[in-house]
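3 is the number of the first residue of the sequence shown in the working numbering; add one for each residue after it.
Ideal Cβ placement from N, Cα and C applies to all residues, glycine included.
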Amino acid sequence: MTALDTLKERVAALPRPLLLGLDVDGTLAPIVDDPDRARVPDATQTVLRELARHADYRVALITGRDLPALERMAQVPGAWRAVEHGGWIVAPGDEGAERPLDPADREKLEAFAAWAADGPGQVERKARSVGLHVRKLDAGEGEARLAAAEERAEALGLIARRGRAVLEAELESGDKGRALAELQERIGAASVFFAGDDLTDLPAIRYAAERGVGVFIASDERPEGPEGATLALDGPEDLASFLASLR
């Protein structure tokens with residue numbers, strides 16, 4: 003039996019309504035060199051829209067992106083959205099009014115963005131954080147750049163978060179596991195599914211594994227599933243196939 007077959011069998015046995023929590027980059031959307039060009043494939047968006055209308059499921063997109071970036075990547079009416087690593091939960095139909103930014107916090111983010119723009123890598127500005135992507139750099143240069151960025155972020159009083167070839171300098175630390183727990187409570191889901199591919203997804207994967215199914219999406223960078231995951235799938239294509247089978 004393949005991992006995909008095992009997953010289908012386990013999810014079929016879970017009580018409904020089932021919360022379908024899904025990371026976006028590297029999970030629904032293939033990783034690309036330019037983060038601004040990442041998109042959830044049209045076919046996958048179609049499946050997600052169908053699942054969001056299904057009586058058995060509650061779809062939630064849980065991402066490190068901010069809300070405008072998520073809306074560029076995927077249009078799924080009826081889905082919950084937990085953005086900025088779960089730090090901000092937006093209900094279906096809610097446009098998510100912009101949260102005010104303290105001038106001192108804005109100054110910290112601007113200082114980090116200016117530092118990041120003055121060296122190699124690609125800068126991604128978000129509402130309450132700044133990301134530095136090093137996917138286009140070779141491994142040694144990228145690691146050195148991320149280490150320097152981590153040091154700079156902490157010196158500015160920001161929280162440094164590592165991901166796949168990225169460091170994010172944040173004002174506050176979101177947690178996808180806490181976001182998933184809040185979503186389950188607010189939605190009233192009987193069981194939980196979550197899929198993610200990165201270190202920032204581990205709390206949510208483990209939360210879901212204890213209350214349903216937690217799936218790790220493997221990649222060349224992280225081919226083995228972490229401790230606590232129910233199982234691993236081989237990339238976004240396998241996950242898309244699984245989601246399509248739920249319709």
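Asked, Found
"Buried versus exposed call for residue 69 [16 or more other C-beta atoms within 10 Å across all chains shown]", "buried"
"N-terminal and C-terminal residue of the beta strand (DSSP E) that residue 248 is part of", "Taken as a continuous stretch (DSSP letters only), residue 248 belongs to no beta strand (DSSP E), as it is neither H nor E."
"Rounded distance between the beta-carbons of residue 182 and residue 210, thought under 8 Å", "7 Å"
"DSSP state of residue 33 mapped onto helix, strand, coil", "coil"
"Delimiting residues of the beta strand (DSSP E) encompassing residue 215", "214 to 219"
"Secondary structure of residue 194, DSSP reduced to three states", "strand"
"Residues near residue 235 by beta carbon distance below 8 Å, same chain, minus five either side", "5, 6, 9, 197, 217, 218, 219, 220, 241 and 244"
"Between the CA atoms of residue 80 and residue 55 - distance to the nearest angstrom", "7 Å"
"Where residue 1 sits in the DSSP three-state scheme", "Not covered by the structure: residue 1. The range shown for the chain is 3 to 249."
"Best match in 166, 174, 140 and 30 for proximity to residue 104 [C-alpha to C-alpha]", "174"
"Nonlocal neighbours in the same chain, by C-beta distance under 7 Å from residue 247, ignoring five residues either side", "10"
"Residue range of the alpha helix (DSSP H) that includes residue 184", "178 to 189"
"Cβ contact check for the segment 107 to 118 and the segment 152 to 172: 3 or more pairs under 8 Å", "yes"
"Helix, strand or coil at residue 88 [DSSP, three-state]", "coil"
"Neighbourhood of residue 47 by C-beta, 8 Å cutoff - its chain only, sequence neighbours within 5 removed", "76, 77 and 78"
"Under 8 Å between C-beta atoms of residue 63 and residue 72", "yes"
"As assigned by DSSP and simplified to three states, the class of residue 12", "helix"
"Local Cβ density within 10 Å of residue 101, reported as buried at 16 or more and exposed below that", "exposed"
"Cβ neighbour criterion (16 or more within 10 Å) applied to residue 39", "exposed"
"Residue 253: first and last residue of the uninterrupted alpha helix (DSSP H) it sits in", "In this structure the chain extends from 3 to 249, so residue 253 is not present and cannot be described."
"Where residue 21 falls: helix, strand or coil (DSSP)", "strand"
"Euclidean distance between Cα positions of residue 24 and residue 176", "16 Å"
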